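Asks: Have a look at this one before I ask anything.
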Amino acid sequence: MSHRPLCGSLRFGLLATLLRGFYSVKALEFVSGKHNARWAFWLLLAALLLLPFFTDALLGRGWVRIVDFAMLYIMLALGLNIVVGFAGLLDLGYIAFFAVGAYCYALAGSPHLALAFPMAFPDGVHLSFWMILPLAALLAGGFGVLLGAPTLRLRGDYLAIVTLGFGEIIRIFLNNLNAPVNLTNGPQGISRIDPVSVADVRLSVTQEIFGISLPSVHLYFYLFLAFTALVIFASQRLERSRIGRAWMAIREDEIAASAMGINTRNLKLLAFAMGAMFGGASGALFAGFQGFVSPESFSLMESIMVLCMVVLGGMGNIAGVILGGVLLAVLPEVLRHGVVPLQQALFGKTIVDPESLRMLLFGGALIVMMLYRPAGLLPSRVRRRELDTDEIVETV
Amino acid sequence: MEIFLQQIINGLVQGSVYALVALGYTMVYGILGLINFAHGEVVMIGAMLAISSLTALLGIGVPPLLALPLSAGFAMLGCMALGYGIERIAYRPLRHAPRLAPLITAIGVSIVLQNLAMMVWGREYHSFPQLIANSPHSIGGAIINDIQIIIFILALAIMAGLMLLVHRTRLGRAMRAVAENQHAAQLMGVDINRVISVTFMLGSALAAVAGMMVSANYGLAHYYMGFLLGLKAFTAAVLGGIGNLRGAMLGGLLLGLIESLGAGYIGDLSGGVFGSNYQDVFAFFVLIAVLVFRPSGLLGERIAERA
Amino acid sequence: MSFHSARSLLFAAIVLALAGCEKPATPSQNTPGELTVRIGASAPLTGPQAHIGKDNESGTRMAIDDANARGIFIGGRRIHFELISEDDQADPKTATIVAQKLVDNQVSGVIGHLNSGTTIPASRIYSDNGIVQISPSATATAYTAQGFKTAFRVMANDAQQGRVLGEYATRNLGAKKIAVIDDRTGYGQGLADEFIKAAQANGAQIVAHEYTNDKAYDFTAVLTAVKGKQPDLLFYAGMDPQAGPMAKQLKSLALKLKFMMGDGGYTPQFIKLAGDAAEGSYASLPGVPLNKMPGGKEFETRFVARYQPIQLYAPYCYDAVNVMIAAMQKADSVEPANYLAALAGISHDGVTAKIQFDEKGDLKGGAITLYQVQQGKWQPLETLGAAAAAAP
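Residue numbers (numbering that gives the first Met the number 0), protein chains in the order written: chain A, 0 to 395; chain B, 0 to 306; chain C, 0 to 391.
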């Protein structure tokens with residue numbers, strides 16, 4: 000593979016500007032003084048850029064892959080945060096949009112369609128990454144509107160159940176659309192998906208940049224980091240925009256919001272569409288990264304796990320959602336490597352599966368969070384005020 | 000014709016099971032306006048308790064005809080305690096919280112119960128002991144057996160019993176008062192907490208009966224059996240008009256029929272494009288269609304949607 | 000807000016860096032002159048399929064212990080084989096993480112994974128890193144159809160098993176009108192499709208193709224639909240938790256037909272769940288019955304004494320390790336790049352069959368044995384597919 004230092008530095012430059020943008024240094028200055036804020040920002044950036052190397056050296060490359068998946072989950076959780084956290088619409092079928100994005104990438108970047116349409120696509124379809132990504136986001140956004148439109152009038156808990164049903168419907172269709180035309184290859188899934196390549200740099204093989212050798216998982220890390228930064232940036236801008244304020248108004252009191260002249264119908268649709276687009280984009284990244292998609296990766300439990308990330312961190316608070324995403328994406332690995340040996344050492348056998356322990360912790364966390372910290376580990380100020388005082392308002 | 004009749008019977012049996020579970024959903028919803036997401040798991044735990052106690056009783060030589068009601072009672076008591084506990088721990092503190100909060104805890108309770116059951120009973124399928132000769136009867140070439148007849152009759156009887164309870168007793172009047180307006184009921188001297196606890200316990204006892212019926216009919220129980228069953232029963236409750244006891248029964252039977260006729264005939268009707276692989280989709284489509292076009296359900300009076 | 004995000008991101012980075020606190024294992028101590036060679040293994044060791052995954056792990060471990068006891072010399076040095084077993088939880092995503100870890104640990108080869116859904120995504124990582132992978136139990140044809148030179152399996156694939164089952168149903172059992180139910184998993188889909196092809200090629204008519212799922216327990220609607228088509232044989236492509244109740248409901252709906260399954264039904268649990276309705280059901284298992292293979296009976300005795308009764312695939316794992324070691328010996332190297340060619344051209348007498356690979360890495364011949372429930376027990380009927388493979 001050829002050296003491409005220019006391309007690499009370009010990407011890092013872009014990343015830095017993005018990071019600079021969303022950390023809105025001014026706010027930091029206000030809190031902790033100009034110097035500290037600058038320092039904190041550059042330190043953080045350096046830490047993030049070096050993270051894969053440290054992880055690789057300390058824990059092994061498998062952990063870099065885990066971190067990569069954690070980034071995907073953060074993107075996913077931030078997308079769901081728009082729907083649940085900002086607009087207050089509980090979506091229990093969010094993973095469906097992730098699935099739509101993943102299958103979109105899988106169909107548009109693999110030999111699979113040659114099976115169904117040998118005349119039209121003798122070698123399958125192999126679009127470039129930059130073509131598929133917006134396509135996946137738009138398609139998922141379209142599905143978001145499709146889900147949103149009929150359910151606009153529904154109240155919170157009914158909406159939750161309907162979205163759950165929607166998620167299952169999508170999964171069941173993906174699982175069965177191998178006949179009459181083999182679109183999704185059914186439960187066996189689609190393999191041989193093209194790896195992501197950015198500006199002719201294939202991320203699936205080790206690349207040399209400035210004499211530093213970057214293995215595939217590191218390359219994906221930087222790609223995902225850039226996209227996560229973009230999603231964070233977009234979320235923050237949205238939150239502070241007119242749209243974001245309108246969403247929060249709807250969340251607080253829909254009737255009052257519409258009395259204030261907010262077009263609740265369009266804004267709710269927009270929330271669904273935006274959330275779905277983020278989900279679709281991360282689904283596309285997932286498919287390119289893993290090289291294989293099958294319906295079993297998009298079960299209801301995945302939806303609930305993403306919801307759990309949002310709830311745990313703090314609905315509506317971006318930093319909280321990131322924290323929740325990291326905690327829950329890394330937790331299964333910690334359990335797999337910590338709990339089993341621990342139990343072996345203590346009892347001589349595995350009493351609790353790490354998988355069921357993980358689910359118990361998830362379920363327990365949902366209950367405990369709602370009872371004691373409804374606003375999440377890192378609550379947003381508005382949300383905290385709202386959730387804490389609700390009881391008082393009600394009884395007065 | 001004989002096949003059609005058989006599908007009707009299949010649908011009615013499956014529908015009676017949905018109805019039994021849906022009654023529990025609808026009671027809680029009618030009074031609290033809360034979707035008790037964990038109800039399906041209570042059904043599963045009822046089935047597990049019944050199988051465990053039945054196996055244990057038969058093991059120490061108790062005659063089957065005595066063991067059966069004993070284990071049913073045990074399962075019902077266990078589930079009542081569970082229902083009481085769930086309400087106390089997960090729902091009561093959130094009674095005045097925003098709507099999403101109790102729903103999220105309900106999902107949490109469901110996950111926790113499922114995994115606890117898995118730890119207690121393991122991942123394997125437990126088989127229900129064959130006690131009474133389950134003799135088949137033929138109706139016009141279609142076959143129905145004893146347990147299926149019992150399930151159908153039981154569902155009707157329980158619905159009738161609940162109707163009597165709600166409309167003819169003091170407790171029922173208190174329940175209706177709480178459903179109408181909690182504060183007013185309290186001012187009239189109704190102990191709201193007690194009424195709600197009793198409602199949860201009643202619903203859970205019904206869940207135990209339903210769980211036992213399911214596992215007797217199919218001869219097995221499994222820690223995962225409650226989730227989808229609960230979801231479909233909820234659909235049935237919504238279809239009939241949630242909060243309405245007759246509606247739960249009607250919705251359950253209808254959903255059962257839709258599923259069995261749908262799975263049985265969709266392949267022939269669509270020329271093989273769709274097949275019984277879409278069986279589980281029907282319930283969700285029904286759910287979405289009802290909520291979008293007639294949110295109050297078939298027999299619902301009150302408007303179920305409110306902003 | 001911004002302050003919060005910066006702080007939490009930093010915190011997140013620290014959490015990530017500290018999480019696990021586990022380094023790749025350092026090479027274990029061995030006597031001077033010995034060379035430690037790592038063999039990776041992966042299967043679901045926790046979760047719903049843990050019992051089958053542990054069975055795989057035990058089969059692999061026993062083969063490795065046997066090889067260490069035998070004393071294998073490669074390149075003039077005595078080899079100490081070390082097993083690195085990882086839990087993939089039957090989840091595609093976890094499987095890729097596990098594969099990466101095995102690559103990190105510089106394994107010379109991998110025995111795994113158990114499911115096709117995990118084997119396929121992991122195979123890309125092994126192929127990218129040039130590591131030999133032998134799956135003991137993945138049956139999807141897609142696994143070896145990807146064109147990876149490093150991918151092998153010691154189990155007949157769906158096409159091979161489906162073909163034999165389809166031929167047996169039509170030729171030996173004389174079925175003319177056949178109904179098929181598949182459980183909409185990767186396994187069920189692959190097997191059902193190949194079964195249908197073979198049955199149709201042999202002149203049978205597929206009168207119904209119905210579906211269920213791997214969590215269902217009520218099959219009355221689809222079975223009634225099947226009854227309306229009056230088939231003389233029903234083939235179920237799925238696992239025993241569904242096959243058991245299905246057999247029971249077949250009986251209570253008074254369907255008089257032959258009931259046939261693939262290897263997913265060949266378990267004691269099927270008989271337990273189906274009760275007396277199990278009697279007369281057919282199922283298949285790739286390979287030759289253990290007591291007909293040289294060393295097979297002995298393997299079973301030793302395995303049962305050391306672990307527990309064989310669940311399903313332990314003998315295939317045992318074979319997979321042995322065929323890998325045999326290739327290393329033949330090439331006189333433990334480097335995957337060197338022994339890969341030897342593995343592709345190997346001929347090895349395993350406990351399940353004579354193992355030879357075709358150009359894709361699939362098992363050549365692929366003997367398959369049919370069993371029937373007789374008096375509450377699975378009894379072998381006959382071995383089909385490759386009669387030559389059965390001969391010692």
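For glycine and all other residues, C-beta sits at the position ideal for the given N, C-alpha and C. Everything numeric in this text was worked out from a predicted model, so none of it was measured.
(1) DSSP puts residue 144(B) in a beta bridge; with which residues?
(2) Thinking just about the alpha-carbon of each residue, which of 191(A), 311(A), 308(A) is nearest to the one in residue 112(A)?
(3) Listed in chain order, which residues of the stretch 77-108 of chain B have Cβ atoms closer than 7 Å to some Cβ of chain A?
(4) Whole angstroms is fine: what's the gap from residue 204(C)'s alpha carbon to residue 71(B)'s?
(5) Looking at the C-beta of residue 28(C), does it have a partner C-beta in chain A at a distance below 8 Å?
(6) Three-state secondary structure (DSSP) at residue 310(C)?
(7) Would you say residue 320(A) reaches chain B, if we count a Cβ-Cβ gap shorter than 8 Å as a contact?
(8) Roughly how many angstroms lie between the CA atoms of residue 229(C) and residue 258(C), to the nearest whole one?
(9) Give a yes or no on whether 8 Å exceeds the smallest Cβ distance from residue 160(C) to chain A.
(10) How many angstroms separate the CA atom of residue 49(B) from the CA atom of residue 138(B)?
(11) Nearest CA to the CA of residue 34(C): which residue from 77(C), 65(C), 47(C)?
(12) For the alpha helix (DSSP H) that contains residue 52(B), what are its first and last residues?
(13) So which residues of chain A does residue 118(B) contact, with C-beta pairs closer than 7 Å?
(14) So residue 287(B) packs on residue 161(A), CB below 8 Å; how close in whole Å?
(15) Along the stretch 245-269 of chain B, what residues have a CB closer than 9 Å to any CB found in chain C?
(16) Whole alpha helix (DSSP H) runs in the stretch 163-195 of chain B with 4 or more residues, listed along the chain?
(17) Where do the ends of the beta strand (DSSP E) carrying residue 245(B) lie?
(18) Only counting the same chain, and skipping five residues up and downstream in sequence, which positions put a Cβ closer than 6 Å to that of residue 382(C)?
(19) Which partner residues does residue 392(C) have in the DSSP bridge list?
(20) Residues in its own chain within less than 6 Å of residue 268(C) by CB, not counting five upstream and five downstream?
(21) Suppose contacts are defined by Cβ-Cβ distances below 8 Å. Is residue 253(C) in contact with residue 191(B) by that definition?
(22) Alpha carbon to alpha carbon, how far is residue 202(A) from residue 127(C)? Give it in angstroms, no decimals.
(23) Where does the unbroken beta strand (DSSP E) through residue 283(C) begin, and where does it stop?
(24) Measure the beta-carbon distance from residue 45(C) to residue 354(A) and round it to whole angstroms, keeping in mind my assumption that it falls under 8 Å.
(25) For chain B, check one thing: does any of its Cβ atoms lie closer than 8 Å to the Cβ of residue 251(C)?
(26) Can you pull the DSSP bridge partners for residue 35(C)?
(27) What does residue 135(B) touch in chain C if you count any residue whose Cβ is under 8 Å from its own?
(28) State the DSSP-derived secondary structure class of residue 295(B), mapped to helix, strand or coil.
(29) Taking only beta-carbon atoms, is residue 191(A) less than 8 Å away from chain C?
(30) Can you tell me which of the three DSSP states residue 104(A) falls into?
(31) Note down, in chain order, all residues in the stretch 219-249 of chain B with a beta-carbon under 8 Å from any beta-carbon belonging to chain C.
(32) Check whether the Cβ atoms of residue 137(A) and residue 165(A) sit closer than 8 Å, and answer yes or no.
(33) Within its chain, find whatever has a CB closer than 6 Å to the CB of residue 55(A); leave out the 5 residues flanking it on each side and keep chain order.
(34) In chain order, which continuous runs of the alpha helix (DSSP H) of length 4 or greater are located wholly inside the stretch 175-253 of chain C?
(35) Which runs of the alpha helix (DSSP H), 4 residues or longer, sit entirely within the stretch 297-338 of chain A?
(36) Hey, would you say residue 87(C) sits closer than 8 Å to residue 43(C), going by beta carbons?
Replies: In terms of the structure at hand:
(1) The secondary-structure analysis by DSSP pairs residue 144(B) across a beta bridge with 135(B).
(2) Distance from the Cα of residue 112(A) is smallest, within the candidate group 191(A), 311(A), 308(A), for 191(A).
(3) Within the stretch 77-108 of chain B, the residues whose Cβ lies closer than 7 Å to some Cβ of chain A are 89, 92, 93, 95, 96, 97, 98, 99, 100, 102, 103, 104, 106, 107, 108, listed in chain order.
(4) About 47 Å.
(5) Its pLDDT being 46, under 50, residue 28(C) is placed unreliably by the model, and nothing is read from it.
(6) DSSP places residue 310(C) outside both helix and strand once states are collapsed to three, so it counts as coil.
(7) Residue 320(A) has a beta carbon lying at 8 Å or more from every beta carbon in chain B.
(8) Straight through space, the alpha carbons of residue 258(C) and residue 229(C) are spaced by roughly 13 Å.
(9) Not one chain A Cβ lies under 8 Å of residue 160(C).
(10) Rounded to the nearest angstrom, the two C-alpha atoms are 31 Å apart.
(11) Of 77(C), 65(C), 47(C), the residue nearest in Cα terms is 77(C).
(12) Residue 52(B) -> alpha helix (DSSP H) spans 38-58.
(13) The contacting residues are 351, 355.
(14) About 6 Å separates the two Cβ atoms, so the contact holds.
(15) For the stretch 245-269 of chain B, the residues whose beta carbon sits under 9 Å from a beta carbon of chain C are, in order, 258, 259, 260, 261, 262, 263, 264, 266, 267.
(16) Runs of the alpha helix (DSSP H) inside the stretch 163-195 of chain B: 169-179, 181-186.
(17) Run containing residue 245(B): none in the beta strand (DSSP E); it sits in the alpha helix (DSSP H), 244-268.
(18) Sequence-distant partners of residue 382(C) (beyond 5 residues in either direction) whose C-beta falls short of 6 Å from its own C-beta, in its chain, are 287, 366, 368, 389.
(19) Since the displayed chain C opens at 0 and closes at 391, residue 392(C) lies outside it and no answer follows.
(20) Here the set comprises 239.
(21) For residue 253(C) and residue 191(B), no; Cβs fall outside 8 Å.
(22) So the alpha carbons of these two residues sit roughly 12 Å apart.
(23) Here the beta strand (DSSP E) through residue 283(C) covers 281-285.
(24) Rounded, the Cβ-Cβ distance is 5 Å, consistent with contact.
(25) Answer yes: the Cβ-Cβ gap between residue 251(C) and chain B drops below 8 Å somewhere.
(26) Bridge pairing for residue 35(C): 79(C) [DSSP].
(27) Correct list: 251, 253.
(28) The answer is coil: DSSP assigns residue 295(B) none of H, G, I, E or B.
(29) Yes, because at least one Cβ of chain C sits closer than 8 Å to the Cβ of residue 191(A).
(30) Here residue 104(A) sits in helix by DSSP.
(31) The stretch 219-249 of chain B vs chain C, Cβ under 8 Å: 219, 221, 223, 224, 227.
(32) In this structure, the beta-carbon distance from residue 137(A) to residue 165(A) does not fall below 8 Å.
(33) Here the set comprises 63.
(34) Runs of the alpha helix (DSSP H) inside the stretch 175-253 of chain C: 185-200, 219-227, 239-251.
(35) List check, alpha helix (DSSP H) in window: 299-312.
(36) Closer than 8 Å, so yes.
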